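Asks:
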Amino acid sequence: MSHLISQDPEIHAAIEREVHRQNYGLELIASENFVSRSVMQAQGSVFTNKYAEGLPGRRYYGGCEFTDVAEDLARSRAKELFQCDWVNVQPHSGASANAAVYLSCLKPGDTFLGLDLAHGGHLTHGSPVNFSGIWFQATYYGVNEDGRIDMDRVRDKAKSINPKLISIGASAYSRDFDYEAFRAIADEIGALLWMDMAHPAGLIAAGLLNDPLPHAHIVTTTTHKTLRGPRGGMVLIGNDFENPFGKVAPKSGRVRNMSELLDSAVFPGMQGGPLVHVIAAKAVAFKEALQPEFVEYARQVQKNAAVMAQSFLSRGYDVVSGGTDNHLVLVDLRSKNITGRDAERALQAAHITVNKNMVPFDDKSPFVTSGIRLGTAAVTTRGFEEADIEEVVMLIDRVLNAPTNESTQHKVKNEVYALCENHPLYDFVIA
Ligand SMILES: *Cc1c(COP(=O)(O)O)cnc(C)c1O
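Following this line, the structure appears as structure tokens:
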């Protein structure tokens, strides 16, 4: 980074400190991961200079010949990874991928049904402060007391509400989904089924969880969570089909496929120019995810999460739904008499990063919460295995048992440092 250090020492210093923070802290935020240096090199490339509105071979700008190479590689690798008919790799984020779904499936005021945010759903699935809840009529299904989605209740809800669109997908749900049952419900009421696999995409790519692509009409994802790519989103269709709204192509009068509506919804519907440097980095990440080593990685993520849930249970914590199927563990701290907010703060002082999170039937506000959400995707990238995870939970327990004790936090911080030194992450000297 020799240019940056002389041109802009302030930003360089912030990056240097962030490298140190990532290298020597325990990253347990369930939505985060660490990308490879190849992904970062593609993302830091001259593709950032390029305007490329449109799709490969059909651009509104000249000079796209190498952009087309990168985007075509990203698309064909994504299709191979998820065994699907069609993908658009241009969404800047998970939220913009989701926006494209709403734009192509609903009109303002239309009703959709999604997972209650307080039960693990995402802001873009109908939060009153998000466009999805402002412009559309958002209705919700929830989980039972056991922390799991009950398909009979989803069916009852769907039949009484008659939504045009049913969404699946969550940011704090540790169990797998029954896509076949969701599809049967959608077919029964004539709704479209959309799965947002932002969190578990990497585990789905590795074949470790149920596959939504054969069942959901539309699938969206982020690329930066368990999939371990650059920050971004995409939209996929397993089996393409004629759009049910009867929208036709302007000249031929042919009924357009759903994939065509979604392409237009991403651009020009929601976005301007695509982030070509990010698309190149997505291609690199998808190539990595197609290797057998990625399947091993994903398997370890899942094993580590199972061990994490078990370790919390054996230390007397309540784990929502009693365990996990994926990379994520939601701990209900009510029996430990500490709020999510205070737990997050105490752990941060020991350089353990988690986020406070609502638990189902939470009696506290989203700013306080009764739970913490943890994930194993990032620490597994740096080589943590089952024994390391047991040590991590032991350290968390020590902090949470004495949340205001600074000397405990200091001692745990030193142990975190040692654990991180044993599992080096980014070994480059950036000066
Ligand atoms: C993370 C997430 C998103 C949003 O992704 P961004 O890239 O942050 O916009 C959308 N849906 C779900 C379920 C998520 O977990």
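Note that the sequence shown covers residues 98 to 528 in this note's numbering. Every residue, glycine too, gets a C-beta built ideally from N, C-alpha and C. This one's a predicted model, so the numbers in the text were calculated from it and none came from an experiment.
1) Out of curiosity, what's the CA-to-CA distance linking ASP275 and ASP169?
2) To the nearest angstrom, how far is the alpha carbon of GLU285 from that of ALA443?
3) Give the DSSP-derived three-state secondary structure of LEU203 in the structure shown.
4) Could you tell me if GLY369 is buried or exposed, where buried requires 16 or more neighbouring beta carbons within 10 angstroms of its beta carbon?
5) Taking DSSP as the reference, what is the three-state secondary structure of THR186?
6) Please tell me whether ALA167 and MET455 are closer than 9 Å, where the distance is taken between their beta carbons.
7) Who does TRP291 pair with in a DSSP beta bridge?
8) Ligand 1 and ASN195: does any heavy atom of the ligand fall closer than 8 Å to the residue's C-beta?
9) Is any heavy atom of ligand 1 found at a distance shorter than 8 Å from the C-beta of ALA378?
10) Run the CB neighbour count on HIS219, radius 10 Å, all protein chains shown included, and call it buried at 16 or more, exposed below.
11) Alpha carbon to alpha carbon, what distance is there between LEU522 and HIS117?
12) What residue range does the beta strand (DSSP E) around ASN454 cover?
13) For the pair the region 194 to 211 and the region 228 to 240, tell me if three or more CB-CB distances fall below 8 Å.
14) Can you tell me whether THR319 sits near ligand 1, meaning its C-beta is under 8 Å from at least one heavy atom of the ligand?
15) Would you say the beta carbon of LYS433 is closer than 8 Å to some non-hydrogen atom of ligand 1?
16) If you measure from the CB of LYS322, is any heavy atom of ligand 1 nearer than 8 Å?
17) Are HIS520 and ARG479 touching if we call contact CB-CB under 9 Å?
18) Please state whether DSSP places TYR514 in a helix, a strand or coil.
19) So for PHE481, helix, strand or coil by DSSP?
20) Pull up the DSSP beta-bridge partners for ARG396, would you.
21) What's the C-alpha gap between HIS100 and ILE108?
22) Would you tell me roughly how many angstroms separate the C-alpha atoms of PRO188 and LYS508, rounded to the nearest one?
23) Expressed to the nearest angstrom, what Euclidean distance is found between the alpha-carbon atoms of THR319 and VAL375?
Replies: Reading from the atomic positions:
1) Locating residue 275 in the sequence shown gives position 178, counting from the first residue. Locating residue 169 in the sequence shown gives position 72, counting from the first residue. Just so you know, the alpha carbons of ASP275 and ASP169 end up roughly 32 Å apart.
2) Sequence index remark: in the sequence shown, residue 285 carries index 188 (1-based). Sequence index remark: in the sequence shown, residue 443 carries index 346 (1-based). Answer to the nearest angstrom: the Cα atoms are 49 Å apart.
3) Translated into the one-based positions of the sequence shown, residue 203 becomes position 106. Reduced to three states, the DSSP call for LEU203 is coil.
4) Position 272 of the sequence shown holds residue 369. With fewer than 16 Cβ atoms within 10 Å of its Cβ, GLY369 is classed as exposed.
5) For this step, residue 186 is matched to residue 89 along the sequence shown. It should be pointed out that residue 186 corresponds to Val in this sequence rather than to Thr. DSSP places VAL186 in coil when its eight states are reduced to three.
6) As a first step, residue 167 must be located in the sequence shown, where it is residue number 70. As a first step, residue 455 must be located in the sequence shown, where it is residue number 358. With respect to MET455, ALA167 sits apart: the two C-beta atoms are not nearer than 9 Å.
7) For the purposes of this step, residue 291 is taken as residue 194 along the sequence shown, with counting starting at 1. Per DSSP, SER264 and ILE315.
8) Locating residue 195 in the sequence shown gives position 98, counting from the first residue. Yes, the Cβ of ASN195 comes within 8 Å of a heavy atom of ligand 1.
9) On the sequence shown, residue 378 is found 281 positions in, with the first residue counted as 1. No, ligand 1 has no heavy atom inside 8 Å of this Cβ.
10) For the purposes of this step, residue 219 is taken as the residue at position 122 of the sequence shown. The residue is buried, with at least 16 neighbouring Cβ atoms inside 10 Å.
11) As a position in the sequence shown, residue 117 is number 20, starting the count at 1. As a position in the sequence shown, residue 522 is number 425, starting the count at 1. Going from the Cα of HIS117 to the Cα of LEU522 covers about 10 Å.
12) Walking along the sequence shown from the start, residue 454 turns up at place 357. Element bounds for ASN454: 452 to 454.
13) yes
14) For this step, residue 319 is matched to residue 222 along the sequence shown. Yes, the Cβ of THR319 comes within 8 Å of a heavy atom of ligand 1.
15) Position 336 of the sequence shown, counting from 1, holds the residue named residue 433. LYS433 Cβ: outside cutoff for every heavy atom of ligand 1.
16) Looking up residue 322 in the sequence shown gives position 225. LYS322 Cβ: within cutoff of ligand 1.
17) For the purposes of this step, residue 520 is taken as the residue at position 423 of the sequence shown. For the purposes of this step, residue 479 is taken as the residue at position 382 of the sequence shown. Going by C-beta atoms, HIS520 is nearer than 9 Å to ARG479.
18) Locating residue 514 in the sequence shown gives position 417, where the first residue counts as 1. Note: TYR514 maps to helix in three-state DSSP.
19) Start at 1 with the first residue of the sequence shown, and residue 481 comes out as number 384. Looking at PHE481 - three-state DSSP - the assignment turns out to be coil, as it is neither helix nor strand.
20) Counted from its first residue, the sequence shown places residue 396 at position 299. BP columns for ARG396 are empty, so no partner.
21) Here residue 100 corresponds to residue number 3 of the sequence shown, with the count starting at 1. Here residue 108 corresponds to residue number 11 of the sequence shown, with the count starting at 1. Those two C-alpha atoms are separated by around 12 Å.
22) The residue you call residue 188 lines up with position 91 of the sequence shown. The residue you call residue 508 lines up with position 411 of the sequence shown. About 43 Å.
23) For this step, residue 319 is matched to residue 222 along the sequence shown. For this step, residue 375 is matched to residue 278 along the sequence shown. Each residue's alpha carbon lies about 12 Å from the other.
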